[in-house]
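Mind the numbering: the sequence shown is residues 749 to 960 in this note's numbering, read in order.
Think of the CB as a built atom: it goes at the ideal place given N, C-alpha and C, for glycine as much as any other residue.
Just so you know, these numbers come straight off a predicted model, no measurement behind them.
Below is one structure; the comments refer to it alone.
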Amino acid sequence: MQIQKNEVRERIVLSAKDEFLEKGMDKSSMRTIAAKSRMTVGNLYRYFKNKDDLMIAIVGDTLEEIRASVQGKTSNEVVMMDSSPNINLSLVQIKNAIDELSSDLVEIYLRHRIEFNILMMHSKLNDEITMWFTELLKKLFTTSFDLNRDNEELNDCIDVTAHAYAVSVSLGLRDIFYRSSLSEENLKKVVKIFLKSFVNNLSVEFVESVRE
Numbered sequence: 749m750q751i752q753k754n755e756v757r758e759r760i761v762l763s764a765k766d767e768f769l770e771k772g773m774d775k776s777s778m779r780t781i782a783a784k785s786r787m788t789v790g791n792l793y794r795y796f797k798n799k800d801d802l803m804i805a806i807v808g809d810t811l812e813e814i815r816a817s818v819q820g821k822t823s824n825e826v827v828m829m830d831s832s833p834n835i836n837l838s839l840v841q842i843k844n845a846i847d848e849l850s851s852d853l854v855e856i857y858l859r860h861r862i863e864f865n866i867l868m869m870h871s872k873l874n875d876e877i878t879m880w881f882t883e884l885l886k887k888l889f890t891t892s893f894d895l896n897r898d899n900e901e902l903n904d905c906i907d908v909t910a911h912a913y914a915v916s917v918s919l920g921l922r923d924i925f926y927r928s929s930l931s932e933e934n935l936k937k938v939v940k941i942f943l944k945s946f947v948n949n950l951s952v953e954f955v956e957s958v959r960e
């Protein structure tokens with residue numbers, strides 16, 4: 749059995765970062781990553797079984813920092829990727845959490861700029877996060893505004909609206925972080941304004957218009 753070497757593993761990860769950042773995960777090739785790592789494809793597979801495995805090695809720590817921040821800033825009310833999301837925070841509490849969470853996200857981005865951008869561009873992980881966020885928003889709509897989920901037509905409206913919000917937040921943050929050359933202070937302001945703009949739309953007037 750071949751013994752894995754840490755320096756070889758790190759070389760693979762660095763090569764994969766370049767490949768994923770340049771092409772995105774879907775268009776990246778294990779063969780190209782192997783060539784950049786100066787090894788055979790067979791040897792590469794001894795370290796990582798597929799691109800998903802490589803992706804976790806690259807973005808896993810960054811994703812955990814984001815999860816810890818979300819959970820901490822919401823007093824453990826919001827747990828990322830929870831299969832049954834729940835939330836017992838008022839809109840005021842959510843706005844207050846966003847102030848701190850926005851700063852955390854920017855600081856995590858600045859510490860892990862490459863990994864953060866790869867995470868935001870990785871379609872599979874992005875889809876999983878977006879679907880989780882969609883379910884969380886559905887719960888927020890229902891609990892905050894006492895909506896009747898037994899109403900099929902209203903239920904459909906909530907589902908579509910929640911998913912649209914979730915997709916918009918995901919794409920917006922990706923654009924802000926990937927394209928921005930702002931200072932840390934201004935980047936925090938932009939992220940805070942962007943996230944709060946969505947919460948501000950979760951008004952009684954909005955919900956009443958859905959009920960009509």
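Let me see if you follow: with CB-CB separation under 8 Å, is residue i close to chain C or not?
i      : result
Tyr926 : Of the chains in the structure shown, none is chain C; there is only one protein chain.
For the candidate residues the options, whose alpha-carbon lies nearest to that of residue i?
i      : options                        : result
Leu943 : Val915, Ser929, Ser931, Leu930 : Val915
Arg927 : Phe864, Ser785, Ser850         : Phe864
Thr780 : Glu933, Ser763, Glu813, Asn791 : Ser763
Thr890 : Met787, Leu837, Asp847         : Leu837
Ile961 : Thr788, Phe796, Glu848, Asn791 : Beyond the ends of the chain as shown, which are 749 and 960, falls residue 961; an answer cannot be given.
Glu755 : Gly790, Thr788, Tyr795, Met778 : Tyr795
When you measure from the CB of residue i to every non-hydrogen atom of the ligand FMN, does any distance come out below 7 Å?
i      : result
Ser850 : Among the ligands in the structure shown, none appear at all, so the ligand FMN cannot be discussed.
Is the beta carbon of residue i less than 8 Å from the beta carbon of residue j?
i      : j      : result
Leu736 : Val908 : A query on residue 736 cannot be resolved here, the shown segment of the chain reaching from 749 to 960 and no further.
Ser832 : Thr878 : no
Leu921 : Ile835 : no
Thr810 : Ala845 : no
Val826 : Leu884 : yes
Asp852 : Ser817 : yes
Leu769 : Ile862 : yes
Lys843 : Val938 : no
Glu900 : Met829 : no
Met778 : Val761 : no
Using a 10 Å radius around the Cβ and a threshold of 16 neighbouring Cβ atoms, would you call residue i buried or exposed?
i      : result
Val723 : This structure gives no information on residue 723, because the portion of the chain shown stretches from 749 to 960.
Ala912 : exposed
Leu935 : buried
Met749 : Residue placement at Met749 is poorly supported in this model, since its pLDDT is 41, which falls under 50; the coordinates are not used for a value here.
Ile941 : exposed
Ile804 : exposed
Ser850 : buried
Thr882 : buried
Tyr793 : exposed
Ser785 : buried
*Below 8 Å, can you find three or more Cβ-Cβ pairs linking the region 868 to 880 to the region 768 to 777?*
yes
*Hey, is the region 850 to 861 in contact with the region 796 to 804, meaning 3+ C-beta pairs nearer than 8 Å?*
no
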